[in-house]
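Note sheet for the following structure.
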Amino acid sequence: MLSIRGLASGVAFTALVAALPVDPAAAQKAPDATQKAQKILTGKKPPKQKRKLTKREERLEKDASKSSESQPKVYNDNGRLQGDIVVMGLRENLKSARSAKRRASQIVDVVVAQDIGKLPDKNIPEALARVPGVTIDRNRGEGGDVLIRGLGGVMTTINGSPTFSAGDRTTYLNDISSDMVAAIEVYKTRTPDQVEGSQTGVINLTLRRPTDFKKGATYAFSVRGDYADQVKKVNPYVSALVAYNADTAIGQLGFSVNGSYNYVQYNEAIRWNGLPEIPRDPRLTFLPSTAPRNVYMPYAVGFSGRDGWSKRADVKVSTQWRPDDHWSITLEGGYLKQRMLWSDNQFDLPIAYSSSNAPPPILSNVVLSDDGRLVKSISGTSLDPFGPGRNSGLHESTTYNGRFQVDFKNERFEFNSWLNWTRAENDSNNIFHWIRFNQQPDFDVIFNDTRDPLGGSNLTFKNLDLLDPNNYLYIDGFNQGKQYTYSSDIEAKWDLKVYTDSSFIDYLKTGFRYNNRTYSREAGGRGSYANLRIPIASLPNYKLVSNGKGFQGSPSVTTAEWLIGDSNSIRSSFADIRARLAGIYPELATPNPEYNPLDAFGGSDGSFAGYGMLHYNVKLLFPIDGVIGARLVNTLTNLTALQRQTQFVNVDNRLVETTTEVINRPKGNYLDIMPSVNAIIHFTPKLQLRTAYTSEIGRPSAYQINPRLVLDLRSQGNPTGYGGNPRLGAVTTTKYDASLEWYFGPTGLASLAVWQWNQSGLVGDRTLPEILPEAPNAPVLIRRPYNLGRGRHRGIEGNLYTFFTFLPGILKSFGVQANGTVNLTRQAYPRFQDETKLDSEVEFVFGPYLNVPKYTYNLIGFFEKDGLNIRVAYNWQSRRQWEVNTNNPYLNRFVDPVKRLDASINYDVNKNLTLALEGANLTADGNRSYFGSYDVPQDVRVFSRNISFSVRTRF
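Heads up: the sequence shown begins at 0 in numbering that gives the first Met the number 0, then just goes up one per residue.
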């Protein structure tokens with residue numbers, strides 16, 4: 000564990016600053032009681048003073064004074080947006096977001112809640128999907144992973160502090176209640192005072208605090224019912240906020256409590272084809288015997304689906320004390336509990352192979368495509384009475400957070416510091432089981448059914464009614480797994496900004512950050528236990544139920560519904576199943592598998608970071624201001640895991656196979672310097688050009704640097720091994736960015752950004768030779784993560800939004816937002832001529848970044864008048880390449896363009912009550928992937944169409 004000397008000294012420094020007497024020459028006007036105390040001590044009442052505005056602030060104030068509408072002041076000085084962030088309506092929402100972007104030193108886009116507890120979309124990832132350059136993947140009924148300009152590794156911070164989920168370096172944004180968020184910032188460049196940790200970008204969430212609200216009490220409540228057409232159920236959501244702040248004898252005091260509960264049920268159906276290949280099993284029979292055999296066809300087809308639910312409860316408590324206009328002291332904490340059931344379905348139909356000792360199916364009625372090589376449809380008689388399978392994965396995660404923050408400001412100094420503590424844990428256990436039919440199925444399959452607009456496979460059983468429970472005979476097998484992950488982090492941070500009287504340098508800023516994160520991870524599993532032949536009828540607690548019909552509304556999928564026991568059935572029957580098998584498998588005497596020591600790791604990593612920066616003003620042809628500085632980071636890693644090696648040892652002139660285990664405790668020490676230069680060129684008061692040079696680092700995850708190592712040294716000529724890589728370095732990015740921005744009218748913004756990001760150290764799993772102390776005479780072929788690749792990422796990003804305030808009458812109530820991104824990527828990945836040799840020559844294979852859409856755009860129209868606001872949003876992503884292969888054209892897999900149409904209607908009945916009707920994925924689109932050609936679909940995934948109605952009240 001890292002030394003806490005720096006932490007202790009920081010706390011002492013904070014206490015010392017808090018104890019210093021207030022200089023009356025620098026103090027601003029305080030509440031009466033505080034002024035009286037200062038008058039007794041100093042003999043006079045302190046005058047109210049303001050610090051001198053920076054040149055940029057002067058320009059913004061002057062431009063705002065000329066606007067036909069009031070302009071909010073929104074800015075981020077200490078990790079969270081401040082100022083006029085409690086807004087009502089779309090128009091004020093746009094103005095606040097525009098103000099935050101305009102006042103920032105970085106290239107950033109901002110989403111501001113349009114009401115207390117109301118982001119523009121249902122959750123945070125969905126709201127981010129409207130931001131220029133941001134794409135998301137949807138998973139399990141919600142928006143999920145977020146990419147910035149096509150790249151992952153995005154870091155999430157809350158009020159400026161990094162947040163995470165168990166063993167990951169970031170958190171899942173859909174776990175955070177959107178009603179607790181006042182604003183979201185998407186940083187595409189960084190200044191030295193921002194925490195490091197992502198080679199891509201940062202998403203910062205500003206959570207509400209008591210003094211953000213009006214004086215007195217504030218109450219806000221929200222209730223929503225969300226109907227999902229693929230599960231045909233309503234998902235409830237409720238949230239509540241109570242806040243109070245007032246002036247007292249000791250200054251302004253405030254507190255707030257914000258809580259939410261969300262229950263999401265989902266069913267994302269998938270129909271799929273296996274990889275097309277020439278059948279190789281000599282037991283495979285074609286009828287007639289003259290049917291062509293040297294043809295390509297999927298080795299299997301089937302259905303699967305992400306099915307289950309998620310329940311989340313989230314509570315945030317915050318208290319603030321402002322003794323006077325200089326000091327602000329905040330104490331806050333949060334608790335998040337999430338329970339999930341992953342009850343995923345899997346139904347595999349073997350075609351060119353067999354999942355048992357029986358031969359593959361007998362195939363007939365072979366229909367070929369026009370090229371004569373690809374099978375379009377086929378009939379089969381299975382010789383194996385296989386059946387469907389289902390998962391029962393229970394996951395429970397808990398996150399705690401506490402924060403103590405002290406801020407001070409006067410006309411000369413701004414100082415802020417905080418201590419932040421986070422603890423996250425995840426406990427998961429899983430049972431996957433499968434059952435068998437009572438007879439061998441006969442089937443017809445079309446691999447790409449053009450009767451369905453989505454295409455994909457269509458499977459028909461000719462001799463089985465899948466909804467008849469009499470057609471299911473045995474529970475035939477299962478496997479189990481469990482995992483527990485724990486992580487905690489403590490962070491201490493101090494920042495000091497000093498304003499100058501110089502017109503060249505407005506202010507200097509410096510700071511220090513310390514953090515230490517601990518890890519503990521355990522995992523274990525057992526199985527697969529197959530061919531069990533346990534009669535379903537003999538298990539009284541096992542109930543066959545529908546899997547939940549997928550592909551609602553599909554015209555071609557007639558067999559996407561079948562019977563199998565749900566999660567309750569398999570778990571309530573599991574003790575009975577184990578009791579019958581414990582005599583054969585003694586380990587089944589216990590309900591759960593033991594943790595495997597080889598899958599465990601623990602330890603810590605952390606860092607010491609310091610920075611210095613200055614804000615400058617110069618005038619060449621045009622006024623220019625910006626930030627220059629650098630951040631210095633010393634990262635320390637100290638993880639432990641098991642190393643296991645198997646080898647032959649000479650014992651009494653006999654070679655005896657032995658296995659030894661030792662604890663591996665490598666330590667890492669890395670030093671990184673990250674310079675940053677930002678400049679804003681003001682061509683006119685409304686037209687400016689931002690430019691930025693930034694250096695970024697992204698540390699590998701704890702799973703990647705896990706020092707576990709398994710060595711097989713039994714072959715002296717060909718020793719092998721696998722594991723993690725504790726010597727894995729960071730992924731580094733050098734960024735060159737420019738953004739031309741025009742701020743027009745009271746709400747308008749037009750911007751055009753270009754960038755080039757050069758990355759190195761991209762991580763990939765490879766098998767490469769290494770010389771190890773355990774085998775000094777021959778290189779060991781080790782498979783583990785390595786820093787191997789490099790890449791170049793270029794792009795163009797355009798954005799326009801405004802209300803049509805220049806039009807007459809009702810037309811001025813309409814507005815529009817349009818943005819689009821072009822990603823031009825190039826990745827170099829090494830290919831070794833002989834991966835078994837230490838001196839093998841390396842050549843780089845060049846290609847695009849995988850899973851990155853080249854084009855994305857958003858079109859959003861809105862209307863707001865007399866309490867009614869309407870919003871329609873369309874999102875589109877171009878085709879994405881998943882895999883590139885020069886040897887097999889079917890392995891050039893890609894995803895078809897993804898599109899989505901959403902809409903919402905909000906009506907303010909009065910100032911206290913709002914009704915809302917929202918629709919998501921109104922065109923019921925999903926994802927489609929292909930094996931190199933539109934003739935060969937891989938997956939067709941269907942997402943729910945959601946309709947929700949909500950009531951929000953505040954007073």
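Ideal Cβ placement from N, Cα and C applies to all residues, glycine included.
Since the structure is predicted, the reported quantities are computational estimates derived from the model, not experimental observations.
The segment 818 to 831 and the segment 777 to 794 touch, with no fewer than 3 CB-CB distances between them shorter than 8 Å. The beta carbon of T210 sits closer than 6 Å to those of N244, G253, Q319, all from its chain and outside the five residues before and after it, given in chain order. Collapsing the DSSP output to three states places R311 in a strand. Rounded to the nearest whole angstrom, the CA to CA distance from V655 to T645 is 10 Å. Per DSSP, R102 is not a residue of any beta strand (DSSP E); the alpha helix (DSSP H) it occupies stretches across 89 to 102. Y498 has its alpha-carbon roughly 7 Å from the corresponding atom of L507. Within the segment 575 to 638, the beta strand (DSSP E) runs of at least 3 residues that lie entirely inside it are, in chain order, 600 to 618.
Secondary structure note for Q251: its beta strand (DSSP E) is the uninterrupted segment 250 to 272.
Burial state of I770 is exposed, judged by a 10 Å Cβ sphere holding fewer than 16 other Cβ atoms. In the DSSP assignment, I277 falls outside any alpha helix (DSSP H) and carries neither an H nor an E. Note that the C-beta distance between I157 and L204 is below 9 Å.
C-alpha of T284 to C-alpha of G301: approximately 21 Å in a straight line. Take L465, set aside five residues on each side of it, and the residues of its chain with a beta-carbon closer than 8 Å to its own are T558, E560, W561, L562, in chain order.
In the three-state scheme derived from DSSP, where H, G and I count as helix and E and B as strand, T210 is classed as helix.
When Cβ pairs closer than 8 Å are counted between the two stretches, the segment 710 to 720 is seen not to touch the segment 661 to 668, the count staying below three. Listed in chain order, the non-local C-beta contacts of R879 below 7 Å within the same chain comprise N850, V851, P852, F893, V894, local neighbours out to five positions each way being set aside.
CA-CA distance, D370 to G601, rounds to 56 Å. Shown here, D671 sits in a strand according to DSSP, grouped into three states. For S98, the CB contacts under 7 Å within the same chain, skipping 5 residues up- and downstream, are Q70, P71, K72, V73 in chain order. Nearest neighbour of S259 by Cα position, chosen from P322, S197, V180, R189, turns out to be V180. In this chain, the beta strand (DSSP E) harbouring Q937 covers 936 to 941.
Under the DSSP definition of a beta bridge, E57 lacks any partner.
With respect to the 9 Å criterion, L127 and L89 are not classified as neighbours on the basis of their beta carbons. The Cβ atoms of R951 and V939 lie no closer than 9 Å to each other.
Here the segment 531 to 542 makes no contact with the segment 483 to 495; the two share fewer than three CB pairs at distances below 8 Å. Contact between the segment 400 to 407 and the segment 139 to 146 is absent: fewer than three C-beta pairs spanning the two stretches fall below 8 Å. Contact between the segment 446 to 458 and the segment 277 to 294 is absent: fewer than 3 CB-CB pairs across the two stretches fall below 8 Å. Only residues of its own chain outside the window of five on either side were considered, and among them G846, N891 have a CB closer than 7 Å to the CB of V883, listed in chain order. T589 and E395 have their C-alpha atoms roughly 21 Å apart. An exposed status is given to D280, since fewer than 16 other beta-carbon atoms sit within 10 Å of its beta-carbon. Note on V908: under 16 other CB atoms within 10 angstroms of its CB, so exposed under the neighbour-count rule.
Around N425, the same chain offers A165, S396, T484 as residues with beta carbons nearer than 6 Å, after the five sequence neighbours per side are excluded.
Within a 10 Å sphere around the beta-carbon of Y933 sit fewer than 16 other beta-carbons, which makes this residue exposed. The segment 678 to 693 makes contact with the segment 609 to 625: 3 or more CB pairs, one atom from each, lie closer than 8 Å. Relative to the Cα of D246, the nearest Cα in the group A227, K213, L274, S353 belongs to K213. Just measuring C-alpha positions, the residue of K375, I361, P360 sitting nearest L367 is K375.
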